[in-house]
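Structure record follows, encoded as structure tokens.
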Amino acid sequence: VPERDEVLAYGGRVAIAGDPKDHSSSALVDKLQKGQG
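Residue numbers for the sequence shown follow this note's numbering, beginning at 326 and rising by one.
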């Protein structure tokens with residue numbers, strides 16, 4: 326995160342949130358188009 330140092334300097338906290346990247350939008354679209362979702 327490019328802003329990490331600045332946030333920490335102001336006493337803030339940086340947290341990375343989200344799920345593991347083991348899927349893609351393209352794969353979801355393909356699945357839906359094939360009627361599997």
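Virtual Cβ for every residue (Gly too), placed ideally from N, Cα, C.
Asp355 and Asp347 have their C-alpha atoms some 15 Å from each other. Here the alpha carbons of Ser351 and Gln358 stand approximately 11 Å from one another. Rounded to the nearest angstrom, the gap between the Cα atoms of Gly336 and Leu353 is 40 Å. Judged by DSSP in its simplified three-state form, Glu328 adopts coil rather than helix or strand.
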